[in-house]
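Q: Take a look at the following structure, please.
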Amino acid sequence: MKFYSIPVIINDRREILLELTESSVTTGNSSYIVEVPSLTSFNLLSILRSSVIKTFVEGSRDLNMAQMDAACSYQNNVVTLRLYERQPEKPKEQKAAEPEKQKEKLSYEDLEDFLPELAPATPENKFTLHEQQEILGNANSHLNLSFESKAMGVYIKSRQIKAIDQQLFDRNKVSLKVVLEVNGENYSNTLDIYLAHPSQFLGIALDFGSESSQMAVKRYSNDFNLLEKKPEIENLFRNIVSFHKSNGWVSQNEIVDFYQEEKNTNFYKSLFFLKEQLSGEYEDIDKEVFIKNIADNLKMLVNTKDGFNTLTEQKFHQLPNLKIIHKHEDLLNGISFEIEKDGYGIPIKMSEIKQKVYNTILKVMITSFLKKEFIRYNNATRFIRLMLLVPNIYDTNDINYIQHQLGNIFRELSESEYQGKILAWEVLTISESDASFIGYINKSNIHVEKDRDYIIIDSGKGTTDFSIIRTGKDSIFDLKPIYRNGFSGAGNMITYALFETLLHYIRETAETKQSSIKFIKDRIVGILTSDDLERKNNFYTELERLKFNYKGINMNDQVRSTWDYAKSGDITFKDLIEYGDGINTLISLLSGIENAADFYHYVDDACNFIAESTVSYLKLIKENKKDFNCAGVILTGRSFMFKPLVDKLKDKLTKDLGVDGSKINLLNSNELKDICIKGVFNNSIRLNAEMTGYPIQLIFADEATQEETKEPKKPLINRKSLFARIFNDLNNFEQAEKVLAFDTNLKFDKLQNSQFLIGSKTYRISGNEIFQKTPGTKYEANVEFTHKGYFVRRMHDGVIDSIAPMRAIDDTDSSDMSLVVPSLFPNYIDEKYLNSLLRDDIKITTVAPPDNNNVSDATPNQSQNPLYF
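All residue numbers for the sequence shown refer to my numbering, where the first residue is 238 and numbers rise by one.
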């Protein structure tokens, strides 16, 4: 499809790429909610003169907005903005000079007439900006519309013509149509703007976390002042419980605790269970986007009394981290589901059911809040803006799909139970690490510098995300994303390392290595990979508690001694295999231990991997972006409650990036989780959330050249290390030449030997046409983001002559699995990735009497759930 892409700013808060297509092409309009402020004038749409209109029409050129004229009209509630190339002014013709009569006598001054004449200067073609300002008409009873074309940009504005009070607007919708006239053809796109009365506006921010989920809302006061209220954190767990009770999914009168509750917080623990035999009427199994009969098939609340036993009897499967399993569903092919239709059991793979589950969970979270909202405000109508926080491992297709499904959720609700109440909605996504920085700069006790780069590292339960954001030259709130990336691996990877420590310890204290491996596979891994939900979760809870009470390497001997003398009845770890009752005895032994330590360096390896991987990617920007100017680093996410990880990362940032240690800011424990959701409602901040990554060209040498010249910067790591393959991949990655494709043109001559790192994925150019060259022609190329993905454009003399899409490289069989498998623990375990079963450095150690001093200085409160991180 041929189109042009133009950067557009919506309401001074959201920057998008508006793709202008041929007029014959019609698609559904995107919707945007504008909360009408108390100010008398505000922007609906802005196009800056510094922008470039990128072409995706072969044989054409990019267009500079500085050389475009604009005209605007308003009819039938549609504002039409026309952009067309400005014609340069013709130079004024110079009159020919009349020949002078030769003087009979020449004076001294007349000698100047005989100087050699210079060729007359060629007049330049000048573009004169025709500044315009025009009132277009009234948008509704309270607001008018105007158009401005200025030196800095083109603007569609709105202004109050009547004081805003309790009276609602008589109309809310204004359509904005942008038309580009170029080479005799029109390209256009239309946006729907909804002007929300303050009392009707509702902002929702949802953080669907790997470990816990949270929600915040923003609204205006419902009195005559109509003041903007401070965002409120919703108790998402309580909303979901109330929603289940109101629908009769759980008993109204039963008072029980649920595993999904995180005590003393507003969070909801992300624990979900899906039934193996799914009921419900599915017209088209593949096209249905939600799980039918939620109460019977999807459990989002499990009581602590007998819930796990009940789910096991009814053959429910605990779902893995839905963000981590993303695009790795084949790992769970051993888990089978079935939908009954017309008497047949239709088998459904995890890859086919996962997205339905994800959509359904989002729907329940959103609906559980909206039900309370419309009970509290019975006669209210709402214009809703939803912001969903997403990890940096998601690509453009993932984001588009999520936004589309969220739109479907609101559309369904607006056409059914909330018809006439939900009037319009806007859906946008924002990077979790970007959101954390926005929350950070809204804090009252911090100093943020203008025109400086800030690194944000958000390490939660399942993923580590990081961003580099530059603050504006004139305002710190004019944020420009420089780089985003992320990977699977965070707090759960550390828990997995403790699991490896435990298995290694069992092998070391066993009578024979052979029997210990068989015991581990049959009596521990076998149970954890079964449907025994209660023992699996009890075991995981003990590991999380030990992680919370982890001791540094200087305490290894003391902690080791407490493990050696731990007992379950008369059984110790040494007796576990011969006399113990498998995992039951092991859980009992763990419950009697207060601390864990890193006896075999599994924890150190995990922390080192997270730190080194993060800094390795950040070094790309530091070493290749000339104007990189770091003012500080912000660490957020609950993984940073684990001090060894913080220490390791700070050390790497200081040594490898040269960051001053005083500029590394670790948020306090209360802020580590909720900082990301507090600031996303700030309309002073312009979000550029559409681009999922910023391309980096990786140029690899030819294979023959690699064999001759490749000298690793560091020795390859023993393959028996869990992260060996990843570190070796990073080592190979360091050998590649890097070009910041978002900062400059690509190296065209080396495109065929190039891959592109965009976010957490690598891409190649699809097809061969773009590599075909005409001898003697000088080509350039660049990478451009579109809503359909990334494209490489080839040009010569400024004319685009070839456009090629980019395709992600399938690397699911590579080192990525070494990240995914530990991050899915305990809901997925693969013995191939249990390094503790492969290591041959197991040795029998002499048991020493325990230290009389109590090792623990932080005895956990057994009445509360452990704080997972």
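C-beta: ideal position from N, C-alpha, C; glycine also.
1. How is the beta strand (DSSP E) around Leu428 delimited, first residue to last?
2. Please state whether the Cβ-Cβ distance between Tyr787 and Ala834 is less than 9 Å.
3. Going by the beta-carbon positions, is the gap between Phe865 and Asp671 smaller than 9 Å?
4. On the criterion of 16 or more Cβ atoms from any shown chain inside 10 Å, does Tyr519 qualify as buried, or is it exposed?
5. How many angstroms separate the CA atom of Arg782 from the CA atom of Tyr595?
6. Use the C-beta contact count for Gly190: other C-beta atoms within 10 angstroms, 16 or more gives buried, fewer gives exposed.
7. Between Ile247 and Tyr431, how many whole angstroms is the CB-CB distance? I'm expecting something under 8 Å.
8. Can you look up Gln204 in the DSSP assignment and give me helix, strand or coil?
9. Please determine, among Leu650, Ser805, Asp842 and Ile808, the residue with the shortest C-alpha to C-alpha distance to Tyr733.
10. For a test of the three-state rule: what should DSSP assign to Thr1083, helix, strand or coil?
11. Nearest by alpha-carbon distance to His838: which of Leu739, Arg648, Phe461 and Phe574 is it?
12. For Val796 versus Asn832, is the C-beta distance shorter than 9 Å?
13. Which ranges does the beta strand (DSSP E) cover as unbroken runs of at least 3 residues, wholly within the segment 707-743, from first to last along the chain?
14. Assuming His554 is part of the alpha helix (DSSP H), what are its boundary residues?
15. Excluding the 5 residues preceding and the 5 following Gly407 in the sequence, name in chain order all residues of the same chain whose CB lies nearer than 7 Å to its CB.
16. Looking at the C-beta of Gln489, does it have a partner C-beta in chain C at a distance below 9 Å?
17. Going by beta carbon distance, what residues of the same chain come within less than 7 Å of Asp1067, once the five residues before and after it are set aside?
18. I'd like to know whether the C-beta atoms of Gln551 and Lys512 end up nearer to each other than 9 Å.
19. With DSSP run on the structure shown, which of helix, strand or coil describes Phe1062?
20. Can you list, in chain order, the residues of its chain with a C-beta nearer than 6 Å to that of Ile372? Leave out the 5 residues immediately preceding and following it.
21. Buried or exposed for Ile706, going by 16 or more other Cβ atoms inside 10 Å?
22. Quick check: what's the CA-CA separation for Ser681 versus Ile470?
23. For the alpha helix (DSSP H) that Gly676 lies in, which residues bound it at each end?
24. Using DSSP bridges, identify the partner residues of Lys291.
25. Quick check on Val289: buried or exposed, where buried means 16 or more other Cβ atoms within 10 Å of its Cβ?
26. Which same chain residues, not among the five before or five after Asp695, have their C-beta less than 6 Å away from its C-beta?
27. Where Tyr505 and Thr999 are concerned, what is the direct C-alpha to C-alpha distance, given to the nearest angstrom?
28. Over what stretch of residues does the beta strand (DSSP E) that includes Arg619 continue unbroken?
29. Quick check on the burial criterion: 16 or more other C-beta atoms within 10 angstroms. Buried or exposed for Phe461?
30. Could you check how far apart the C-beta atoms of Thr258 and Asn420 are, in whole angstroms? I think they sit under 8 Å.
31. Can you tell me the Cβ-Cβ gap for Phe509 and Ile572, rounded? I've got them flagged as a contact below 8 Å.
32. May I have the straight-line CA-CA distance separating Ser753 from Asn861, to the nearest angstrom?
33. With DSSP as the reference, identify every bridge partner of Thr597, one or two as the case may be.
34. Near Gln1101, which residues of its chain fall below 8 Å by C-beta distance, leaving aside the five closest residues on each side in sequence?
35. Could you give the first and the last residue of the continuous beta strand (DSSP E) run that contains Glu849?
36. Indicate the three-state DSSP secondary structure (helix, strand or coil) for Lys1025 in the structure shown.
A: In this structure, then:
1. Glu422 to Ala433
2. yes
3. no
4. buried
5. 28 Å
6. Here the chain has residues from 238 to 1106 only, and residue 190 is not among them.
7. About 11 Å; that fails the 8 Å criterion.
8. An answer regarding residue 204 cannot be provided, because it is not within the stretch 238 to 1106 covered by the chain.
9. Asp842
10. Caution applies to Thr1083, whose pLDDT of 46 falls short of 50 and renders its modelled position unreliable; the model cannot decide the point.
11. Leu739
12. yes
13. Taking 3 residues as the minimum length, the beta strand (DSSP E) runs contained wholly in the segment 707-743 are 717-725, in order along the chain.
14. It is not in any alpha helix (DSSP H) - His554 instead sits in the beta strand (DSSP E) that spans Phe553 to Gln555.
15. As written in the sequence, residue 407 is Asp, which differs from the Gly given in the question. Asn377 and Ser378, listed in sequence order.
16. Going by chain labels, chain C is absent from the structure shown, which holds only one protein chain.
17. Val1058
18. Contact flag set, yes.
19. coil
20. Ser383
21. buried
22. 18 Å
23. Glu669 to Ile678
24. Bridge partners of Lys291: Ser242.
25. exposed
26. Excluding positions up to five away in sequence, the list reads Glu669, Ser670, Ser673, Asp702, Thr873 and Gly874.
27. Going by C-alpha positions, Tyr505 is about 34 Å away from Thr999.
28. Arg619 to Val627
29. exposed
30. Contact doesn't hold; Cβ gap of about 15 Å is too wide.
31. The C-beta separation of Phe509 from Ile572 comes to about 13 Å, leaving the pair out of contact by the 8 Å criterion.
32. 50 Å
33. Beta-bridge pairing links Thr597 to no other residue.
34. Because Gln1101 sits at a pLDDT of 43, beneath the cut-off of 50, its placement in the model cannot be relied upon, and the point is left open.
35. Note, Glu849: premise wrong, no beta strand (DSSP E); alpha helix (DSSP H) at Tyr839 to Asn861.
36. coil
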